[in-house]
Amino acid sequence: MSAPFYKLGAFGDEASLIVAFLIGIGFGFFLERAGFGSARKLVSQFYLNDLAVFKVMFTAIVTAMLGVTYLSWAGVLDLSLVYLVPTYWIAQVVGGLLLGVGFVVGGYCPGTSVVSTATGKLDGLVFLLGFAAGTLGFALSFPLVKGLYAAGDIGTKTLPQVLGVPYGILVFGVVLMAVGGFMGATWVEKWMAAKAARAAE
Amino acid sequence: MASVTHDVVHEGAAEKARVAQPYMNPYLAGIGLGLVLLAAFVLVGRGLGASGAFNSTIAWLVSLVAPGYARSNEFLSAYLEEGTHPLKAWLVFEVVGAFVGALLSGLLAGRVGLGVEKGPRVSVGTRLALAFVGGGLMAVGAAFARGCTSGQALTGGALLNLGSWAFMMCVFGGAYAVAAFFRRQWR
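Line by line, the protein sequences are chains A and B. Counting the first sequence from 1 gives a position; the working numbering is that position plus 50. Counting the second sequence from 1 gives a position; the working numbering is that position plus 16.
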C-alpha cells in the first residue's frame with residue numbers, strides 16, 4: 051500500500067494545500083466544461099429537458115468508484131484510510147430535501163455557484179452570499195437545531211455493510227444501474243424534445 | 017437531443033461579439049470529474065467538497081468579530097482548531113482552485129461575461145432574490161447533511177457511503193417535488 055499518499059506521510063500539511071489548490075483547478079475546470087456554471091442548464095435536470103446533471107454526476111461517481119476499487123484490489127490504495135463522513139441519517143435526509151428545494155429556488159449548489167461566479171454570473175455571486183448568510187444563521191442558531199443535527203447517528207456505515215452485499219457485487223450493481231439510468235435519461239430527453247416540437251407546431 | 021437555449025442577460029459588449037463553444041459531452045466531463053475525485057482519494061485520502069470551505073470562512077470571520085463566542089459555539093469551534101488558521105483548511109484551497117479552474121475553462125471556451133442566468137418570464141430582481149433565498153436554504157441543508165453535492169453526493173457516492181446515498185436520493189426528491197412551483201423562474 052502506498053496510497054493515500056498524504057495519510058501515509060509522503061508529503062506534509064503545506065504540500066497538501068498545494069495539492070488541494072491543484073485538485074480544485076481540475077474540479078472547477080470540468081464543472082465549467084460540463085456547463086454547470088449555468089443555472090438554467092443545471093435546473094433543466096428538474097424539468098427533464100436536459101439530464102446532464104445526472105449523466106455527469108453518475109459518470110463521475112462510477113469512474114471514481116471503479117478507480118478506488120481497482121487500486122484497492124491491486125494493493126495500491128488502502129481504502130480504509132479514505133475519509134468517510136459518518137451517517138446521521140435523519141439529519142442527512144432532512145438536509146438532502148432542503149438542498150433539493152434550495153437547488154430549484156437558487157439554481158446552483160455551493161460548488162457550481164463558485165463556477166458561475168468565476169464566469170461572471172451575478173446570480174451565482176448572490177447565491178454565494180445567500181449561502182454565507184445561511185451558514186452564519188445556522189451557526190448562530192446551533193443550540194436550537196443541535197437536536198436535529200445529531201439525529202439518526204449510526205456511525206460510519208457503507209452500503210455493502212448495511213445491505214449485506216459483498217463490495218464487488220455492489221460496485222457491479224451500481225455500474226449496471228448507472229448504465230440503465232443513462233439509457234433512460236437519453237430516452238426521456240428525446241421524449242421531452244419531441245413533446246416540445248409538437249407543442250411548437 | 018436536448019437543446020439548451022441560453023437566455024442570459026449580457027451586459028458586456030465584448031461577450032456579444034464572441035460565440036461561446038458548446039459544452040463538453042456529459043460522459044467525457046463526468047470521466048474528467050471522476051478522475052479528479054480519484055486523484056483526491058489517492059493523493060490525500062479525502063474527496064472533494066465546497067460547503068466546508070464556507071463553514072471555515074464563516075467560522076474565521078466570526079472569530080475576528082467575537083473570538084470568545086466563536087470558540088463557545090459548537091458548530092463554529094469545530095472549524096477553529098488550535099494552531100491552524102481556518103483559512104488554511106484543505107477545502108478553502110480547493111475551492112479557490114475551483115474558482116481558478118472554472119475561470120480558465122470559461123475563458124478558453126469564450127463563456128466568461130457579466131450576466132444573470134434566468135428564464136425569459138422572470139425579472140432580474142426576482143431572480144437575484146430567489147438566488148439569495150435558495151443559497152440560504154441550501155446552506156442550512158448542507159449544514160444538516162454535513163456536506164453538499166460535492167462532499168456528500170459525489171464523494172460519498174463513489175465510496176458507497178450510506179448517508180451520502182440517502183442524501184443524494186433526497187436532493188433529487190426534494191428538487192422534483194417543488195420544481196413545478198418554480199417553473200416560471202426557469203422556463
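Virtual Cβ for every residue (Gly too), placed ideally from N, Cα, C. For clarity, every value in this text was computed on a predicted model and none was experimentally measured.
Supposed contact pair residue 92(B) and residue 189(A) - C-beta distance, whole angstroms, cut 8 Å: 5 Å
Proximity test, Cβ basis, 8 Å: residue 180(B) and chain A: yes
Beta-carbon spacing of residue 49(B), residue 110(B) below 8 Å: no
Residue 43(B), DSSP secondary structure in three states: In this structure, residue 43(B) counts as helix in the three-state DSSP scheme.
Residue 123(B) burial status per 10 Å Cβ neighbour count (16 or more: buried): exposed
Contact residues within the segment 61-73 of chain B, judged by C-beta distance below 7 Å to chain A: 61, 62, 64, 66, 67, 70 and 71
Beta-carbon proximity check, residue 151(A) vs residue 168(B), cutoff 8 Å: In this structure, residue 168(B) does not lie closer than 8 Å to residue 151(A) by Cβ.
Range of the contiguous beta strand (DSSP E) that encloses residue 205(A): 203-205
Buried or exposed (CB count within 10 angstroms, at least 16 for buried), residue 90(B): Exposed: under 16 other Cβ atoms inside 10 Å.
Coarse secondary structure for residue 193(A), derived from DSSP in three states: helix
Simplified DSSP state of residue 127(A), which is helix, strand or coil: strand
Three-state class that DSSP yields for residue 133(B) in the structure shown: If DSSP states are grouped into helix, strand and coil, residue 133(B) belongs with the strands.
Minimum Cβ-Cβ distance from residue 57(A) to chain B less than 8 Å: yes
Sequence-distant residues of the same chain with beta carbon closer than 7 Å to residue 17(B), five excluded per side: Only weak support is given to the placement of residue 17(B): the predicted model assigns it a pLDDT of 40, under 50, and the value that follows is read from those uncertain coordinates. Closer than 7 Å at the Cβ level, and outside the excluded window around residue 17(B), lies no residue.
Residue-chain proximity (residue 90(B), chain A), Cβ-Cβ < 8 Å: yes
Nearest neighbour of residue 128(B), chosen from 163(A), 162(A) and 169(A) [CA to CA]: 169(A)
Rounded C-alpha distance that separates residue 143(B) from residue 152(B): 14 Å
Near-chain A residues of the segment 115-127 of chain B - C-beta to any C-beta below 7 Å: Against chain A - using a Cβ distance shorter than 7 Å - the residues of the segment 115-127 of chain B are 115, 116, 117, 118, 119, 120, 121, 122 and 127.
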